[in-house]
Amino acid sequence: MSYHIAIVEDDRDILDNYADVLADKGYRVSPFTNAEDAWNAFNQETPDLAILDIQLKNQPDGGFDLHRKINTLFPEKPTLFISGRDSEMDKITGLKLGAWDFMSKPVGLDYLTERVRSLIQISESRTNNTVEVIPYSQIGLRISEEQMTVHWFGNRVDLTLTEFYILNLLASQRGRVRSYDELKGITRQRYVEANTVTGHIRRIRRKFQKIDLKFKGIKNVHGVGYRWQG
Numbered sequence: 001m002s003y004h005i006a007i008v009e010d011d012r013d014i015l016d017n018y019a020d021v022l023a024d025k026g027y028r029v030s031p032f033t034n035a036e037d038a039w040n041a042f043n044q045e046t047p048d049l050a051i052l053d054i055q056l057k058n059q060p061d062g063g064f065d066l067h068r069k070i071n072t073l074f075p076e077k078p079t080l081f082i083s084g085r086d087s088e089m090d091k092i093t094g095l096k097l098g099a100w101d102f103m104s105k106p107v108g109l110d111y112l113t114e115r116v117r118s119l120i121q122i123s124e125s126r127t128n129n130t131v132e133v134i135p136y137s138q139i140g141l142r143i144s145e146e147q148m149t150v151h152w153f154g155n156r157v158d159l160t161l162t163e164f165y166i167l168n169l170l171a172s173q174r175g176r177v178r179s180y181d182e183l184k185g186i187t188r189q190r191y192v193e194a195n196t197v198t199g200h201i202r203r204i205r206r207k208f209q210k211i212d213l214k215f216k217g218i219k220n221v222h223g224v225g226y227r228w229q230g
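Residue numbers (UniProt numbering): 1 to 230.
Structure, rendered in structure tokens:
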């Protein structure tokens, strides 16, 4: 299978470099220099992974705006920011929007292809496996590390990659408090702050509450971290 990679980058030379190296690895690549063309194309055919720059020509936050649209309609699709804007706030914003990773320019092309391969592999492991739906009365939380899926009373909870890692750590030992440092480390992302972890926890809770309005499985321990008490 030839995976489809979309790249949105306003610097034509950089765009061509990314596109050429990924095409050489067998990917089908759709390059775009602006968010509007990319979004129109996404609505015709959803890519398996999107690589986004933040600043796109006359749109200082064009990549962020495009990501919000992508995440609204295709939340399961992996996204990767590659940008020369690598301030703390930009990184936090990208991760809060649900990006799977954030890389700072310049990026080595070998590393880029390996990161793309890894993200595609993780995405496929989460979406292409058939998961048995267990009756509500038989189970509360079920996590499959192999398939990277989460079920709550038989209902699938669609988490981002970072949210999955955080929940998996919390639930691995019921009642044990996991510190902010532990939770930051488990995300496998390159840049995470304590307030970012708090944001991820908030979104995890909301996703469980869409299934179970009474969900209170994640408890905050003030000044320390969180624990699973489901």
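Yeah, the Cβ is synthetic: ideal placement off N, Cα and C, and Gly gets one too.
Here the structure is a predicted model, which is why all the values come from computation and not from measurement.
### Query
Starting from Val107 and walking both ways along the alpha helix (DSSP H), at which residues does that stretch end?
Your numbering for residue 107 matches position 107 in the sequence shown. Careful: Val107 lies outside any alpha helix (DSSP H) and carries neither H nor E.
#### Entry: Closest residue to Phe164 among Leu183, Asp61 and Leu80 (Cα-Cα distance)
On the sequence shown, residue 164 is found 164 positions in, with the first residue counted as 1. When each option's Cα is compared against that of Phe164, the closest is Leu183.
#### Entry: Contained alpha helix (DSSP H) runs [length at least 4] in the UniProt domain "Response regulatory" (4 to 120), N- to C-terminal order
Runs of the alpha helix (DSSP H) lying entirely within the UniProt domain "Response regulatory" (4 to 120) and spanning at least 4 residues, in chain order: 12 to 24, 35 to 44, 62 to 73 and 88 to 96.
### Task
Measure the CB-CB distance between Ala6 and Ala35 and report whether it falls below 8 Å.
On the sequence shown, position 6 is the one that residue 6 refers to. On the sequence shown, position 35 is the one that residue 35 refers to. The beta carbons of Ala6 and Ala35 sit no closer together than 8 Å.
### CB-CB length for Val157 against Phe102, believed under 8 Å
As a first step, residue 157 is located in the sequence shown; it is residue number 157 there, counting from the start. As a first step, residue 102 is located in the sequence shown; it is residue number 102 there, counting from the start. No, Val157 and Phe102 are not in contact; Cβ-Cβ is about 24 Å, not under 8 Å.
### Query
Terminal residues of the continuous alpha helix (DSSP H) containing Thr162?
Start at 1 with the first residue of the sequence shown, and residue 162 comes out as number 162. Its alpha helix (DSSP H) spans residues Leu161 to Ser172.
### Message
Relative to the C-alpha of Met89, which candidate in Ile120, Arg202 and Thr196 has its C-alpha closest?
### Response
Taking the first residue of the sequence shown as 1, we reach residue 89 at position 89. Closest option to Met89, Cα to Cα, is Thr196.
### Message
Quick check on the burial criterion: 16 or more other C-beta atoms within 10 angstroms. Buried or exposed for Ser2?
### Response
Position 2 of the sequence shown, counted from the first residue, corresponds to residue 2. Exposed, by the Cβ-count rule.
### Query
Considering only residues of the same chain and omitting the five flanking positions on each side of Lys69, which have a CB-CB separation below 7 Å?
For the purposes of this step, residue 69 is identified with residue 69 of the sequence shown, where counting begins at 1. Excluding positions up to five away in sequence, the list reads Trp39.
### Presumed contact (8 Å Cβ cut-off) between Leu167 and Leu119, rounded CB distance
As a working mapping, residue 167 is identified with position 167 in the sequence shown. As a working mapping, residue 119 is identified with position 119 in the sequence shown. Contact between Leu167 and Leu119 does not hold, since their C-beta atoms are separated by about 19 Å, which reaches or exceeds 8 Å.
### Message
If distances are taken between C-alpha atoms only, which option among Ala23, Trp228, Leu213 and Leu95 comes closest to Leu112?
### Response
Here residue 112 corresponds to residue number 112 of the sequence shown, with the count starting at 1. With distances taken between Cα atoms, Leu112 lies closest to Ala23.
### Message
Quick check on this structure: which residue in Leu95, Arg205, Ser83 and Asp10 has the alpha carbon closest to the alpha carbon of Lys219?
### Response
The count along the sequence shown starts at 1 and reaches residue 219 at position 219. The option with the nearest alpha carbon to Lys219 is Arg205.
### Query
Taking just the CA atoms, how far does Trp100 sit from Ile92?
Taking the sequence shown and counting its residues from 1, the one referred to as residue 92 is at position 92. Taking the sequence shown and counting its residues from 1, the one referred to as residue 100 is at position 100. The alpha-carbon atoms of Ile92 and Trp100 are separated by roughly 12 Å.
### Message
Please state the DSSP three-state secondary structure of His151.
### Response
Taking the sequence shown and counting its residues from 1, one reaches residue 151 at position 151. In the structure shown, His151 sits in a strand (DSSP, three-state: E or B).
#### Entry: Simplified DSSP state of Arg205, which is helix, strand or coil
Locating residue 205 in the sequence shown gives position 205, counting from the first residue. Arg205: helix per DSSP, three-state reduction.
### Query
For the alpha helix (DSSP H) that contains Gly185, what are its first and last residues?
By 1-based counting over the sequence shown, the position of residue 185 is 185. In the DSSP assignment, Gly185 falls within the alpha helix (DSSP H) that extends over Tyr180 to Ile186.
### Query
Which of helix, strand or coil does DSSP assign to Val157?
Your numbering for residue 157 matches position 157 in the sequence shown. In the structure shown, Val157 sits in coil (DSSP, three-state: anything other than H, G, I, E or B).
### Query
How many Å lie between Asp37 and Asn43 at the Cα?
In the sequence shown, the residue the question calls residue 37 occupies position 37. In the sequence shown, the residue the question calls residue 43 occupies position 43. Whole-angstrom Cα-Cα distance: 10 Å.
### Query
Straight-line CA distance for Arg176 to Ser30?
As a working note, residue 176 is residue 176 in the sequence shown. As a working note, residue 30 is residue 30 in the sequence shown. Near 46 Å, if we compare the C-alpha coordinates of Ser30 and Arg176.
### Query
From Leu15 to Leu95, what distance separates their C-alpha atoms?
Here the question's residue 15 lines up with position 15 in the sequence shown. Here the question's residue 95 lines up with position 95 in the sequence shown. For Leu15 and Leu95, the gap between their C-alpha atoms comes out near 22 Å.
### Task
List the whole-angstrom C-beta distance separating Ile122 from Leu170, where the pair is believed to meet the contact cut-off of C-beta under 8 Å.
Along the sequence shown, read from residue 1 onward, the residue named residue 122 stands at position 122. Along the sequence shown, read from residue 1 onward, the residue named residue 170 stands at position 170. The beta carbons of Ile122 and Leu170 sit about 20 Å from each other, so the pair does not count as a contact at 8 Å.
### Where Ser2 sits in the DSSP three-state scheme
Within the sequence shown, residue 2 is the residue found at index 2, counting from 1. In the structure shown, Ser2 adopts coil according to DSSP, grouped into three states.
### Task
In the DSSP assignment, find the unbroken beta strand (DSSP E) run with Val221 in it and report its ends.
Taking the sequence shown and counting its residues from 1, the one referred to as residue 221 is at position 221. Looking at the DSSP string, the run of the beta strand (DSSP E) that includes Val221 is Ile218 to Val221.
### Task
Give me the Cβ distance between Gly56 and Asp10, rounded to the nearest whole Å; I'm assuming they're in contact under 8 Å.
As a working mapping, residue 56 is identified with position 56 in the sequence shown. As a working mapping, residue 10 is identified with position 10 in the sequence shown. Note on residue identity: the sequence assigns Leu, not Gly, to residue 56. Rounded, the Cβ-Cβ distance is 5 Å, consistent with contact.
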